[in-house]
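Enquirer:
In the numbering used here, the protein residues as written are 289 to 411.
This is how it looks when you write it as structure tokens:
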């Protein structure tokens, strides 16, 4: 686990951040894999790629900016090499917690979203 003094993205809205407070964040794994996402209930799905994944959320490349607190439905595809022989998908939903728009048009936006709930399913 990484120990950080940065603001916990799961903190309660309106709660003041104490700079002396230590936050323990889940380990992040640098996994680049295809990713589908959409605003909850919206059609169609949009495509991107994960940058890193933890047990609490995902950082991913997106074509468009999405406002923080927007609830997303997400599907992350894991190839057989990552799962021990069987391709599987992670289906999850949760809010956008960070959006980093890129200045250069050729660069994609980085979005971070938390997981409210998730389930694995074989493909």
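For every residue, glycine included, the Cβ atom is placed at its ideal position computed from N, Cα and C.
Pull up the distance between the alpha-carbon of residue 390 and that of residue 374, whole angstroms please.
Expert: Cα-Cα distance, rounded: 35 Å.
Enquirer: Following the continuous alpha helix (DSSP H) through residue 371, name the residue where it begins and the one where it ends.
Expert: Residue 371 -> alpha helix (DSSP H) spans 368 to 371.
Enquirer: Suppose only complete runs of 4+ residues qualify. What are the alpha helix (DSSP H) ranges in the region 327 to 383, listed by chain order?
Expert: For the region 327 to 383, whole alpha helix (DSSP H) runs of length 4 or above, ordered along the chain, are 368 to 371.
Enquirer: For residue 403, collect the residues of the same chain with a Cβ closer than 7 Å to its Cβ; drop the 5 residues on either side in sequence, then sort them by chain order.
Expert: So the qualifying residues of the chain are 344, 345, 380 and 382.
Enquirer: Please say whether residue 337 and residue 322 have beta carbons closer to each other than 8 Å?
Expert: Yes, they are a contact pair.
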